[in-house]
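Our numbering puts the first residue of the sequence shown at 1, with every later residue one more than the last.
Backbone N, C-alpha and C define an ideal beta-carbon position, used for all residues, glycine too.
Quantities reported herein were computed from a predicted structural model and do not represent experimental measurements.
Right, one structure below, let's go through it.
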Amino acid sequence: MQSQSVPFLTLGGRELYSLKNLAFPNIPAELPFVKSKSLLLDHILPVNFQATERAKFNSMIRAANMPYREFILQLNQQASKCNYGDRLEEQLCDSLIAELNKISLQCTILEKKDITFAEA
């Protein structure tokens, strides 16, 4: 029975040439298909670094003409990449409060103890 790696490499053409370097010292055609696929996916798929994603989250600024609903959606989307775990709601709440344009509203919210994201 012929290995799946050979047709995979043949049909992939020159785009899969990088697999030669990734598989070194092995020969890509001799590797099991699953191993070849794994090497290639690890090389191609982007890696999200937690610190980078958190820095992006912490630097998010709501544009003056952006509706709060849209900003909240963007916050949620970016927060999903940050691995905050149990502190997710706290981080979302802090970011939302920090971006309130009306100081009076911001002060009113900050006067409340242990405010949740839903309340903010």
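Go through its chain and collect everything with a Cβ distance to Ile61's Cβ below 8 Å, but skip five positions before and after it. Setting aside the 5 residues that flank it on each side, Ile61 is surrounded in the same chain by Glu99, each with a C-beta closer than 8 Å to its C-beta; the list follows chain order.
Is the segment 90–97 touching the segment 106–118 in the sense that three or more CB pairs, one from each, lie closer than 8 Å? In short, these stretches touch, since the Cβ pair count reaches three.
Just checking, does the segment 78–92 make contact with the segment 61–70 on the three C-beta pairs under 8 Å criterion? No: the two stretches stay apart, fewer than three of their Cβ pairs being nearer than 8 Å.
When DSSP labels each residue in this structure, what does Thr108 get in the three-state scheme? When secondary structure is reduced to three states using DSSP, Thr108 falls in the helix class.
Element boundaries [alpha helix (DSSP H), containing Glu89]: Here the alpha helix (DSSP H) through Glu89 covers Leu88 to Ala98.
Quick check on Ser59: does DSSP put it in helix, strand or coil? Reduced to three states, the DSSP call for Ser59 is coil.
What residues in its chain sit with their C-beta under 7 Å from that of Gln106, if we drop five residues either side in the sequence? The residues are Ile97 and Leu100.
Buried versus exposed, by CB contacts within 10 Å (16 or more), Phe123: Look at the range of the chain in this structure, 1 to 120, and you will see that residue 123 is not part of it.
Compare the C-alpha of Phe57 against each of Ile109, Tyr68, Arg69 and Asn83 and name the closest. Out of Ile109, Tyr68, Arg69 and Asn83, Asn83 has the C-alpha closest to the C-alpha of Phe57.
Shortest alpha-carbon distance to Asn53 belongs to which of Lys35, Gly85 and Lys81? The sequence given here has Glu at residue 53, not Asn. The shortest C-alpha separation from Glu53 is found at Lys81.
Whole angstroms is fine: what's the gap from Phe33's alpha carbon to Leu45's? One C-alpha to the other measures close to 18 Å.
When burial is assigned at 16 or more other CB atoms within 10 Å of the CB, is Leu51 buried or exposed? Strictly speaking, residue 51 in this sequence is Ala, with Leu absent from that position. Result: exposed.
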